[in-house]
Amino acid sequence: MTTTSSASGSTPPAGRSRPFFWEEAADDWRSAYEEGRRPEFSEYVARSLRALREGVGREAGTVPAMRSVHRVSLRDDGSDRLPDRYVAEHCTLTLFGLHQHTASEPVHRPGVGLGTACLLLRRSEALTEAAVERRLIAAATAQDLHELVQHLQRLVPLLQQAGVGLDYTRLFRELAAWHGPDRDRVLRAWGLQYTDPGTLAPAEGQADEETDGQERAPYWVTFEPGSPDAGAELAALRSGTGREPGTVASMWPFHRTRMASEWRNKGSLTRDLAAEHTALTLFARHQQTHDRRMHVTGNSPGT
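In this text, residue positions in the sequence shown follow our numbering: the first is 1, and each later residue adds one.
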């Protein structure tokens, strides 16, 4: 994992007195590096990381050793239910503990969303493209937070082995939003990040070689009816009928819309993305049961 001396963005926002623990851990390591000392975590951080791993698979609030690393405060409001943000922080802490375990550098990397991390994992060749997509899609289609975290628990050790970091502050916010109205934006951001041709590779510092600055042809132009994967691909596209554009994980590999990385990171719903989503689903329904490609250049609905 490449060492960086850039700011970690750990200044706490209004309403939070301290940075999140993963931000503190990154700052702790970075301070030693910048002061010319051997870059390593302090005893406090190392001890806390062990506590985080004890919390894997445990219910939030039931691990005494983790209480000192929580930054989301609990209020005695008489409710038996823990706040969503507290539960999300517990999940994020345990994932961070798994990811940081045995890693020689901080794995909290501001700006690296889950989709970007999976893209970098794919480019590392530690796993095949199909294997990475299968894991990302499994996480994206989780029915609840518990299932999502289980998928992420299997994913973060793979990121660690490939030297790929993750923005844990962003992940915390995404987990907290999983059961709310912002879930679609979270999903769209993951998919757009994963398919971003402008993301730099970790070692070479180069953009995706697939595009080399050229616009990729739409899926329906390159579709091969005789391909052994044709049926599965069309089924994946048909599953997006009536769904919000960019939120259908099985469709992510087939999007070709060009979009600025900034918009991708925000999970922006653009007109081009919406139009491509509609065209993909219509093409899949049209192509179904046909042995020849139904896309004909120049033919409009009126024709």
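Where a beta carbon is used, it is the ideal one built from N, C-alpha and C, also for glycine. Quick caveat: nothing in here was measured; it's all calculated off a predicted structure.
What number of angstroms, rounded off, separates the C-alpha of residue i from the C-alpha of residue j?
| i | j | result |
| --- | --- | --- |
| proline 83 | alanine 138 | 26 Å |
| leucine 219 | glutamate 125 | The displayed chain sequence assigns tyrosine, not leucine, to residue 219. Using only the alpha carbons, I get a separation of about 24 Å. |
| glycine 97 | glutamate 40 | 15 Å |
| glycine 55 | methionine 66 | 7 Å |
| glutamine 143 | valine 149 | 11 Å |
| arginine 134 | histidine 286 | 26 Å |
| proline 225 | glutamate 129 | 22 Å |
| leucine 187 | threonine 247 | 5 Å |
| phenylalanine 283 | aspartate 28 | 53 Å |
| asparagine 299 | methionine 251 | 25 Å |
| alanine 230 | proline 110 | 38 Å |
| phenylalanine 20 | threonine 257 | 36 Å |
| alanine 60 | tyrosine 86 | 8 Å |
| aspartate 196 | threonine 303 | 35 Å |
| phenylalanine 131 | threonine 62 | The question names phenylalanine, but residue 131 in the sequence shown is alanine. Taking the straight line from one Cα to the other gives about 34 Å. |
| histidine 315 | arginine 238 | Absent from the structure is residue 315, since the part of the chain shown begins at 1 and ends at 303. |
| glutamate 151 | leucine 136 | Contrary to the premise, residue 151 reads as histidine rather than glutamate in this sequence. Taking the straight line joining both Cα atoms gives about 8 Å. |
| aspartate 76 | leucine 114 | 34 Å |
| aspartate 182 | serine 31 | 35 Å |
| threonine 211 | arginine 293 | Annotation note: pLDDT 48 at threonine 211 (below 50); position unreliable, no value reported. |
| threonine 278 | tyrosine 168 | 33 Å |
| leucine 171 | aspartate 291 | 44 Å |
| leucine 158 | threonine 116 | 14 Å |
| glutamate 174 | leucine 145 | 10 Å |
| threonine 241 | glycine 57 | 36 Å |
| valine 156 | glutamate 215 | 32 Å |
| glutamate 276 | serine 68 | 48 Å |
| alanine 305 | histidine 255 | Residue numbering for the chain in the displayed model covers 1 to 303; residue 305 lies beyond these limits and cannot be assessed. |
| alanine 260 | tyrosine 194 | 13 Å |
Taking residue i as the reference, which of the options has the closest Cα?
| i | options | result |
| --- | --- | --- |
| leucine 49 | Val72, Val132, Leu93 and Pro225 | Leu93 |
| glycine 163 | Asp291, Gln288 and Ser104 | Ser104 |
| valine 45 | Asp80, Pro106, Gly61 and Glu59 | Pro106 |
| alanine 235 | Gly226, Gln288 and Val69 | Gln288 |
| arginine 18 | Trp29, Gly198, Val72 and Glu43 | Val72 |
| arginine 271 | Pro245, Val296, Leu74 and Val186 | Pro245 |
| arginine 47 | His101, Arg183 and Ala189 | His101 |
| glutamate 43 | Ala25, Arg53 and His277 | Ala25 |
| tryptophan 190 | Glu23, His90 and Lys266 | Lys266 |
| leucine 280 | His295, Asp291, Arg58 and Val112 | His295 |
| histidine 179 | Thr297, Thr141 and Leu155 | Thr141 |
Let me know the secondary structure DSSP gives residue i once reduced to three states.
| i | result |
| --- | --- |
| leucine 166 | strand |
| histidine 255 | coil |
| histidine 179 | coil |
| histidine 290 | coil |
| histidine 277 | helix |
| arginine 67 | helix |
Ends of the alpha helix (DSSP H) at residue i?
| i | result |
| --- | --- |
| glutamate 24 | 21-34 |
| histidine 90 | 84-100 |
| arginine 185 | 183-194 |
| glutamine 161 | 145-161 |
| arginine 50 | 43-54 |
| arginine 135 | 129-140 |
| serine 261 | 261-266 |
| arginine 238 | 230-238 |
| leucine 120 | 114-123 |
| valine 221 | 219-222 |
(request) Give a yes or no on contact between the region 118-134 and the region 28-38, applying the rule of three or more CB pairs nearer than 8 Å. (result) no
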